[in-house]
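Letter by letter, the sequence shown follows residues 4 to 166 of the numbering used here. Don't be surprised by glycine CBs; every beta carbon is placed ideally from N, CA and C. Here the structure is a predicted model, which means the values were calculated and not measured. So the structure is just underneath, and the comments pick up after that.
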Amino acid sequence: MNLVLIGFMGCGKTTLGRSLSLHSGYEFLDMDAEIERQAGMPITEIFHRCGEARFRELEHAFLQSLSAKENLILSTGGGIVLNPANMAILKQFGTVVFLSPPTDVLLKRLSDDVTRPLIAHKAPSEILELYRQRLPLYRQYADITLDGSENPYYYLKRLISKQ
Ligand code: S3P
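Next up, the structure:
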């Protein structure tokens, strides 16, 4: 079984994926980190030098190159849902888990963040607007939605242990 973590920036995909991996023996792959490694520069720089469209191409190319795996946890970037072709690949690849903490939690985590070009120096209202645009897509593609009413770590740990 593979798990694909989706959700808005700051929802905790990377942190959750990493700790699940540590305690389950599943491999962990963080798409943003892989793209940065392959491009040889941080995401902010990819955006500034090459533009968002190029970053979206790199995201898609990464997914196209993803070989069949078992027992992998993949953390995606928040904009992965914008391209239906990405989601077609990911739905085949594994169980899509939407991490959906309350918006006040997201905003708190994202305040003063300058490592994410789409929200750096943006007002909370602008960040929320982007969130509202994305929300229907996250919901559409999710096999499982974890809204924080149950601890996502324990929920997924149980799910993994049943395999
Ligand atoms: C983006 C989210 C980021 C990163 C890039 C674009 C987005 O990943 O891929 O800055 O469009 O929402 P995280 O969701 O891991 O912050």
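Heavy atom of ligand 1 within 7 Å of residue i beta-carbon
i	result
Gly80	yes
Arg40	no
Ile3	No answer is possible for residue 3: the residues shown for the chain start at 4 and end at 166.
Ile46	yes
Residue burial classification, residue i (beta-carbon count within 10 angstroms, cutoff 16)
i	result
Met4	exposed
Lys72	exposed
Asn154	exposed
Glu60	exposed
Glu62	buried
Gly43	exposed
Lys111	exposed
Ala145	buried
Gly15	buried
Tyr141	buried
Ser128	exposed
Residue i - containing alpha helix (DSSP H), residue span
i	result
Glu39	34-42
Ile163	155-164
Leu69	No alpha helix (DSSP H) contains Leu69, which DSSP labels as neither H nor E.
Cys53	46-53
Element boundaries [beta strand (DSSP E), containing residue i]
i	result
Thr98	98-102
Val7	6-9
Ser78	75-78
Ile147	147-149
Residues near residue i by beta carbon distance below 8 Å, same chain, minus five either side
i	result
Leu113	Met12, Gly13, Arg119, Ile122, Ile130
Gly28	Asn74
Residue i Cβ short of 7 Å to ligand 2 heavy atom set
i	result
Asp115	In the structure on display, ligand 2 does not appear, and the ligands it does have are ligand 1.
Same chain only: Cβ atoms within 6 Å of residue i, ignoring 5 sequence neighbours per side
i	result
Lys134	In the sequence as presented, Lys is not what sits at residue 134; that position holds Tyr. Here the set comprises Phe11.
Ala88	none
Cβ shell of residue i (< 7 Å), same chain only, five flanking positions each side left out
i	result
Met90	Val84, Tyr144
message: Using a Cβ distance threshold of 8 Å, determine whether the segment 86-96 contacts the segment 111-121, with at least three qualifying pairs required.
response: no
The segment 47-54 contacting the segment 13-33, beta-carbon criterion three pairs below 8 Å: With a cut-off of 8 Å on Cβ pairs, the segment 47-54 is not in contact with the segment 13-33, counting fewer than three such pairs.
field: contact_flag[the segment 11-21, the segment 53-60] where n(CB pairs < 8 Å) is 3 or more
entry: no
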